[in-house]
Each structure stands twice: as structure tokens, then as C-alpha cells.
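Asker: Following full-length UniProt numbering, the numbering of the sequence shown begins with 1 at its first residue and continues without gaps.
Encoded as C-alpha cells, here's the structure I'll be asking about.
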Amino acid sequence: MKTSKPAAYDLVSRFNHWIVAFAMIGMLAFGIYIDDFVPRGPQAGALLQTHKALGVLVLAYGLWRVGWRLARGFLDSAARMPAWQEILSKITHWVLIAGIILMPLSGMTTSLFGGHDINIFGLFTIPGFTENKTVSDLAGDAHGTIANILIAFIVLHIAGALKHHVIDRDTTLVRMTTGRTER
């Protein structure tokens, strides 16, 4: 017996979306700030440790969010779109879902294979591995590349949501904010 898909996102799905959205955008901004604006030294080290600890928490919540999303499935589009928009929408969602996991995982890999522990706000520590510069450097490069890809796709995602809301005047954004199926 096939069940029909719901018309709107449930409260948990909406909550997960917004928590992870703000966490990912915040972590991207925090990482750029540390990398581009903080001189190397003790202050940068302390900020980087905070970034790493938050990254582990983002990964843990991100795994929950992705698992919930995959278990609940994907809603049908709120409105009919040309095929290229449907394809772009699906690619965008899958890139964002992958990024939720790959971004913090690549950051952790960079640190751990760099021989550095990750202290989670004094609650527990993930011990660093025996240093492997090659793996650490590759993961660091991946971390930066994934960050750039995520920024581009987050902008695309926001632009698409605003286009649906302002130009198309459909319920795409409303379904993710209020859960309503009508404007």
C-alpha cells in the first residue's frame, strides 16, 4: 500500500532545516573570519578550537537532520516548474545535504590527521591520530573547496526560495517557515 506524501513539512523537519541552516551559515562565516581576519597566534588558536568543537556538534546534529530527512522523504514541489528547475532544485538539495556531513567531517579529518585533539568544550576530547600530513592537507583542501561549494549552493537555495515566494507566489517558502500549504 503506497502512502501519499504530505503537502507540507512537519514541525521537526522545519526545525531541523532552520537550525542546520543557521549553524552552517554561522560556521562558514566563523571559518572565513578565522582564516582571513585573525592573525595567527593564541587568539586564532582559541577561535579555531571553538570552531572545531562547534563543527563536531554540527556534524552530530547534521547526521540527525539528514537521517530524519531521508526517513521522511522529500515533498513534491509546491508548484509546477520547468524540468531544468526541478533538476537544479534536486541537485541543490543533494549538494546541501552532502555538505552538512562532508563539511564538518573534512574539518575533523584535517585536525585529527594533523595530530590535533578536538576538545568539545571540556566535556570530552576526540584524540588526534598519528600525524599524517598528506591526509590532513587533502582534507584541509577539501574543507576549503566544500566551503566554497556550500556558499554558492546556499546562495542559490535562498535565491530559489525567494524567487518562488516573490515572483512565482507559490507556497515553497511558506511550507518551510509555517508549515502551511496555502499563502
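For every residue, glycine included, the Cβ atom is placed at its ideal position computed from N, Cα and C.
Output the boundary residues of the alpha helix (DSSP H) element that contains residue 148.
Answerer: From DSSP, the alpha helix (DSSP H) with residue 148 extends over 133-162.
Asker: Excluding five sequence neighbours on each side, which residues of the same chain lie with their C-beta closer than 6 Å to the C-beta of residue 180?
Answerer: Counting only Cβ-Cβ distances below 6 Å, and skipping sequence neighbours, we find 174.
Asker: Using C-beta distances below 7 Å, list every residue in its chain close to residue 8, excluding the 5 sequence neighbours before and after it, in chain order.
Answerer: Around residue 8: 175, 179, 180 and 181.
Asker: Taking its Cβ as the centre, do 16 or more other Cβ atoms sit within 10 Å of residue 159, making it buried, or is it exposed?
Answerer: Exposed: under 16 other Cβ atoms inside 10 Å.
Asker: Roughly how many angstroms lie between the CA atoms of residue 85 and residue 163, to the nearest whole one?
Answerer: One C-alpha to the other measures close to 12 Å.
Asker: Put residue 22 into one of helix, strand or coil per three-state DSSP.
Answerer: Residue state, collapsed to three classes: helix.
Asker: Using a Cβ cut-off of 8 Å (strictly closer), state whether residue 169 contacts chain B.
Answerer: Within the model displayed, chain B is absent; a lone protein chain is all it includes.
Asker: Can residue 152 and residue 106 be called in contact, C-beta distance under 8 Å?
Answerer: Against a cut-off of 8 Å, the Cβ pair of residue 106 and residue 152 comes out as no contact.
Asker: Where does residue 167 land, buried or exposed, given buried means 16+ other C-beta within 10 angstroms?
Answerer: Residue 167 comes out exposed.
Asker: With residue 47 and residue 38 assumed to form a contact (beta carbons below 8 Å), what rounded beta-carbon distance in angstroms separates them?
Answerer: Indeed, because the Cβ distance is near 6 Å, the residues count as touching under 8 Å.
Asker: Would residue 23 and residue 66 qualify as a contact pair, given that the criterion is a beta-carbon distance under 8 Å?
Answerer: Taking 8 Å as the Cβ cut-off, residue 23 and residue 66 do not qualify as a contacting pair.
Asker: Does the pairing of the stretch 131-148 with the stretch 99-119 give three or more beta-carbon distances under 8 Å?
Answerer: Output reads yes: the stretch 99-119 touches the stretch 131-148.
Asker: For residue 78 and residue 93, I'd like the C-alpha separation in whole angstroms.
Answerer: Answer to the nearest angstrom: the Cα atoms are 15 Å apart.
Asker: At which residues does the beta strand (DSSP E) containing residue 125 begin and terminate?
Answerer: Note, residue 125: beta strand (DSSP E), 124-126.
Asker: Assign residue 95 to one of two classes, buried (16 or more other C-beta atoms within 10 Å of its C-beta) or exposed (fewer than that).
Answerer: It is buried - the Cβ of residue 95 has at least 16 other Cβ atoms within 10 Å.
Asker: From residue 83 to residue 91, what does the alpha carbon distance come to, in whole angstroms?
Answerer: The alpha-carbon atoms of residue 83 and residue 91 are separated by roughly 12 Å.
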